[in-house]
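Step one of this worksheet: look at the structure below.
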Amino acid sequence: MTEIHETDHIEQVSYRRIGINRDKPRLWIEGLKLTAAGFRRGDNYVVDISKRRLTIRKAAVGGRKVSGRSRNGVDIPIIDIEARALVQGFAPESRVRIIFSRAKIVVTVHHEEEAKRRRESRFRDAQASRQISEASLFTGAGVSTLAVHTALADAGYDGEVKWVVDVELKYLQVARRNNYAITDETCAIVGKVEEVENDFFAPVDILSFSMPCAGFSRAGRSKHKLTPETHESATAVFGVVNAIRAANPAILLSENVVEAQHAPAYQLLKAELNRLGYVIFEKLLDNAESGTIERRRRYWFVAISEGLAEGFTFDIEILAGAECRATIGSILDKHVPETAWSQNEYLHKKAKSDQEAGKGFKRQLLTGKETICGAIGRHYNKRRSTEPMLQRPDGKERLFTPQEHARLKSIPEELVDGAPATTAHEVLGQSIDFRQAYLCLKSVIGFLAGKQETMGRGIDDSGQAEFALFQSKICMG
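For the sequence shown, numbering that gives the first Met the number 0 gives the first residue as 0, with consecutive numbering after it.
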């Protein structure tokens with residue numbers, strides 16, 4: 000912030016743009032704000048110039064004179080600063096903040112313009128050092144966090160996760176234990192994003208987040224009988240904006256259900272990001288692009304600071320190897336206890352009553368020969384009637400194990416090692432298609448690294464080891 004002395008009495012603060020005169024910057028100030036600060040027509044003043052700061056001080060003699068004009072018999076003071084005095088720190092039409100105090104006017108670069116300059120400079124420095132900082136909101140077990148981290152590693156960068164946020168301690172404990180992207184140096188913040196003080200959102204280069212989807216999805220709105228704006232998670236958008244302002248990342252990566260794209264919360268968020276100097280790119284992705292078994296169509300957006308974004312196109316083609324989508328049978332655990340299988344007679348009765356009531360709910364009973372299955376949600380362990388289950392020829396059924404669930408989403412199964420089944424299914428069910436996040440971030444990093452990789456060619460030879468390590472179980476068939 001501009002230095003303000005305790006003796007300064009601020010008369011007015013103005014946020015405005017530098018003007019243009021013959022393609023050069025020009026600052027024109029006139030009116031009562033000058034009079035209130037003690038600058039009258041004919042007064043002397045001097046101009047001090049330093050980097051991105053211009054100070055105008057009233058002087059007894061010498062320097063420049065306040066000019067002016069008369070309107071209805073009233074003198075209107077004018078200060079007109081020519082290009083030579085501005086060109087050192089202010090571009091034409093750049094935003095500035097002007098603080099009027101007694102006998103002094105201080106002009107500095109607008110704080111949001113300065114934030115944009117800092118994040119872009121920091122990111123370029125990070126690229127040069129091959130060390131990029133990361134963070135995530137609504138982290139869960141860190142599936143998206145790990146996908147971002149893996150994409151960075153495959154592009155030849157050392158990523159460091161500075162902080163993660165989630166309201167559920169048990170999810171962050173799973174992440175701390177199993178997610179190699181989250182280290183002892185990572186700050187774990189437990190709480191709602193909107194209640195976290197900005198001091199804990201340390202600056203980072205990349206921020207990923209997936210706001211709670213219950214308020215956006217059709218199923219969630221039907222269940223809770225609430226619009227996205229009245230759902231309890233609606234305030235999350237304020238926390239996201241606070242975190243973005245404080246952490247000031249150069250790149251943002253966000254995922255949600257398809258319905259979120261046009262929801263008011265996302266419209267407001269995207270409008271604010273545009274105002275803050277980000278360029279937004281949007282895409283709907285499903286397993287056609289990723290080759291993942293589970294069909295999980297999702298809305299993704301990437302926001303890139305505008306000084307870095309020119310020329311980027313969010314074109315993602317099928318990942319190399321996606322055509323080898325495995326059968327469900329090929330990713331199943333070899334040893335599952337017989338106690339996992341049951342007749343589930345009550346589910347058959349419910350399916351029949353739902354059909355008779357015209358509800359349109361259908362069961363997903365799979366044999367293992369399929370290469371695609373429907374989405375598995377957070378409460379999968381409750382044996383809900385519409386989510387995928389395996390069925391044997393004898394009619395018995397079972398849920399997928401947590402490890403199988405992870406493979407269906409292309410998520411490294413190590414992330415849920417040692418977690419209770421309920422917790423494991425919760426973090427997986429409300430998570431993402433790992434490959435979708437990987438593809439999105441890899442596209443951005445490839446572009447910003449100047450490689451402009453064509454994702455349809457797959458992962459370049461220099462960086463496929465990390466990805467192959469986590470995906471080897473997914474393409475076994």
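C-beta: ideal position from N, C-alpha, C; glycine also. Remember, predicted model here, so these are calculated numbers, not experimental data.
Legend entry - For K264, the three-state DSSP class (helix, strand or coil): The sequence as given places Ala at residue 264; Lys does not occur at that position. Helix.
Legend entry - For L145, three-class secondary structure by DSSP: helix
Inset, instruction - State yes or no: is the C-beta of I48 nearer than 6 angstroms to some heavy atom of the ligand PLP? - result: Questions concerning the ligand PLP fall outside what the structure shown contains, since it holds no ligand whatsoever.
Inset, instruction - Identify which residue in L267, Q130, A134 and S93 has its Cα closest to the Cα of I19. - result: S93
Inset, instruction - Could you tell me the boundaries of the alpha helix (DSSP H) in which T422 lies? - result: A420 to G428
Legend entry - Three-state secondary structure (DSSP) of P24: strand
Legend entry - Span of the alpha helix (DSSP H) around F208: Note, F208: premise wrong, no alpha helix (DSSP H); beta strand (DSSP E) at I205 to F208.
Legend entry - Buried versus exposed, by CB contacts within 10 Å (16 or more), N496: For residue 496 there is no data in the structure shown, the boundaries of the chain being 0 and 476.
Inset, instruction - Put R244 into one of helix, strand or coil per three-state DSSP. - result: helix
Inset, instruction - Kindly list the residues whose CB is nearer than 8 angstroms to the CB of S66, restricted to its own chain and excluding five residues on each side of it in sequence; keep chain order. - result: R40, P76, I77, I78 and D79
Inset, instruction - Please report the Cβ distance between V147 and L252, rounded to the nearest whole angstrom; I am assuming they are in contact, meaning their Cβ atoms lie under 8 angstroms. - result: 7 angstroms
Inset, instruction - May I have a chain-ordered list of the alpha helix (DSSP H) segments no shorter than 4 residues that lie completely inside the region 71-147? - result: 82-85 and 110-128
Legend entry - Beta bridge counterpart(s) of L365 as assigned by DSSP: L389
Legend entry - Segment contact, 8 angstroms Cβ cut-off, at least three pairs: the region 421-437 with the region 361-368: no
Inset, instruction - Count the other C-beta atoms from every protein chain shown that fall within 10 angstroms of the C-beta of W299, then say buried if there are 16 or more, exposed otherwise. - result: buried
Inset, instruction - Grab the span of the alpha helix (DSSP H) containing T34 for me, first residue to last. - result: L31 to A35
Legend entry - Exposed unless 16 or more other CB atoms sit within 10 angstroms - verdict on V60: exposed
Legend entry - Burial state of H404 (16 or more Cβ within 10 Å): buried
Legend entry - DSSP bridge partner residues for I19 (one or two, in chain order): P24
Inset, instruction - Give me whichever residues DSSP pairs with S304 in a beta bridge. - result: Y277
Inset, instruction - Kindly indicate which three-state DSSP category D183 falls into: helix, strand or coil? - result: coil
Inset, instruction - Could you tell me which residues DSSP pairs with T338 in its beta bridges? - result: T338 is not bridged to any residue.
Legend entry - Paired residues, beta bridge with T54 - DSSP: D47 and V105
Legend entry - Close beta carbons around E452, own chain, < 8 angstroms, minus the five adjacent residues each side: Low confidence applies here, because E452 scores a pLDDT of 39, under 50, leaving its location unreliable; read the following figure in that light. So the list reads K441, S442, G445, F446 and D459, once near-sequence residues are dropped.
Legend entry - For E396, three-class secondary structure by DSSP: strand
Legend entry - Rounded straight-line distance, which links the Cα of I315 to that of M454: A caution first: M454 carries a pLDDT of 34, below 50, which makes its placement in the model unreliable, though a value can still be read off. Cα to Cα, M454 sits roughly 6 angstroms from I315.
Legend entry - Which residues DSSP lists as bridging C372, in chain order: E293
Legend entry - Pairwise C-alpha distance: H347 and L267: 44 angstroms
Legend entry - Residue from A423, I410 and S289 whose Cα sits closest to the Cα of K381: A423
Legend entry - Cα-Cα separation, T338 to A302: 48 angstroms
Legend entry - Beta-carbon contacts of K480 that lie in its chain and below 6 angstroms, excluding the five residues immediately before and after: As shown, the chain starts at 0 and ends at 476. That puts residue 480 outside it, with no answer to give.
Legend entry - Three-state class that DSSP yields for D353 in the structure shown: helix
Inset, instruction - Measure from the alpha carbon of E194 to the alpha carbon of each residue in A174, A150, V239 and C186, then state which is nearest. - result: V239
Inset, instruction - Quick one: give me the first and last residue of the alpha helix (DSSP H) that I444 is part of. - result: F433 to L447
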